[in-house]
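Chains as they are written, first to last, in my numbering: chain S, 2 to 115; chain W, 67 to 179.
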């Protein structure tokens, strides 16, 4: 039933580790996004893929690498985690070029770097 | 550079009150202005959206007012209820391009019983 799902929901790890977050959508959308929400609740886009092609790549450290194996999945791999990476990461999806740009968000992954 | 400025940062009203949240944008290429609602521990969800060819849009108790010349838009919640307590984000994007949403910083609304 879940439209946009993310795993894991919580991730606690040590500085310097590498971790991945997975996202899947069953809405048939062609575009997927990763957002970062910091401790002040500010939501900022990081990446967007359309039909497995990268279309948005904001100023994000290259320790962050998104991968889209197919239209329904967008994963985020983070190398050499730093304290400042602690945040909630949201995946979203939409149908690009549709009547509106409604983006459907997943439940979020709370990443804590110790 | 913050392209969408949102105020106030927090807002407390009594049940039945009409909270108003304001946003201003800079980029005149923006042509889609949604409001998202986020409850604690959940992802944001689209509440209502407007395009610049209309000055007002109403859906249930939620109304967007849009002033193109002033580059401002606002969300009004009529007859607010405790269940409306959440964080509200305005956003803006450009259709036909990357369609990335630029969010305001959010307003934490508390509706007291």
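Positions of the beta carbon are idealized from the N, C-alpha and C atoms, including for glycine.
From a predicted model like this one, the values you see are computed outputs, not experimental measurements.
Just to make sure I have the definition right: I need the residues of chain S whose C-beta is within less than 8 angstroms of the C-beta of residue 124(W). Which are they? The premise fails here: residue 124(W) is roughly 16 angstroms from chain S at the closest Cβ pair, so nothing lies under 8 angstroms.
Please identify, using Cβ separations under 9 angstroms, the residues of the stretch 99 to 126 of chain W that lie next to chain S, in order along the chain. Correct list: 100, 102, 104, 107, 108, 109, 110, 111, 112, 115 and 117.
Residue 52(S) to residue 22(S), Cα distance in whole Å? Going by C-alpha positions, residue 52(S) is about 19 angstroms away from residue 22(S).
To the nearest angstrom, report how far apart residue 39(S) and residue 159(W) are at their CA atoms. The straight-line gap from Cα to Cα measures roughly 21 angstroms.
Residues that residue 108(S) contacts on chain W, provided the C-beta gap is smaller than 7 angstroms: Identification of chain W residues near residue 108(S) by a Cβ-Cβ cut-off of 7 angstroms yields 108 and 109, ordered along the chain.
Would you verify that the beta carbon of residue 159(W) is, or is not, closer than 8 angstroms to some beta carbon of chain S? For residue 159(W), the answer is yes, since a Cβ of chain S falls inside 8 angstroms of its Cβ.
Quick check on DSSP: helix, strand or coil for residue 84(S)? Helix, per DSSP.
Note down, one range per segment and in chain order, each beta strand (DSSP E) of at least 3 residues found wholly within the stretch 96 to 171 of chain W. Fully enclosed beta strand (DSSP E) runs of 3 or longer: 99 to 104, 111 to 116, 122 to 125, 128 to 133, 138 to 143 and 152 to 158.
Sufficient close CB pairs (3 or more, under 8 angstroms) joining the stretch 76 to 85 of chain W to the stretch 80 to 92 of chain S: Verdict: no, contact absent.
Are there 16 or more other CB atoms within 10 angstroms of the CB of residue 92(W), so buried, or fewer, so exposed? With fewer than 16 other CB atoms across the displayed protein chains lying within 10 angstroms of its CB, residue 92(W) is exposed.
Taking contact to mean 3 or more Cβ pairs, one atom from each stretch, closer than 8 angstroms, check whether the stretch 91 to 106 of chain W and the stretch 144 to 161 of chain W are in contact. Enough Cβ pairs lie closer than 8 angstroms, so yes.
Got a sec: is the Cβ-Cβ distance from residue 165(W) to anything in chain S below 8 angstroms? By this cut-off, residue 165(W) is an interface position.
So, does the CB of residue 26(S) fall closer than 8 angstroms to a CB anywhere in chain W? By this cut-off, residue 26(S) is not an interface position.
Please tell me whether residue 44(S) has its Cβ less than 8 angstroms away from any Cβ of chain W. For residue 44(S), the answer is yes, since a Cβ of chain W falls inside 8 angstroms of its Cβ.
Give a yes or no on whether the C-beta atoms belonging to residue 121(W) and residue 135(W) are separated by under 8 angstroms. Taking 8 angstroms as the cut-off, the beta carbon of residue 121(W) is found no closer than this to the beta carbon of residue 135(W).
Would you call the CB atoms of residue 94(S) and residue 44(S) closer than 8 angstroms? Contact: no.
Please report the distance separating the alpha-carbon of residue 107(S) from that of residue 50(S). About 16 angstroms.
Less than 8 angstroms between CB atoms is the rule here; does residue 49(S) satisfy it with respect to chain W? By this cut-off, residue 49(S) is an interface position.
Cβ-based burial, residue 125(W) [other Cβ within 10 Å; buried from 16]: So residue 125(W) ends up on the exposed side.
Between the stretch 76 to 83 of chain S and the stretch 12 to 20 of chain S, do three or more beta carbon pairs fall short of 8 angstroms? The stretch 12 to 20 of chain S and the stretch 76 to 83 of chain S touch, with three or more beta-carbon pairs separated by less than 8 angstroms.
In the DSSP assignment, the beta strand (DSSP E) including residue 68(S) goes from what residue to what residue? Annotation for residue 68(S): the continuous beta strand (DSSP E) segment containing it runs 65 to 71.
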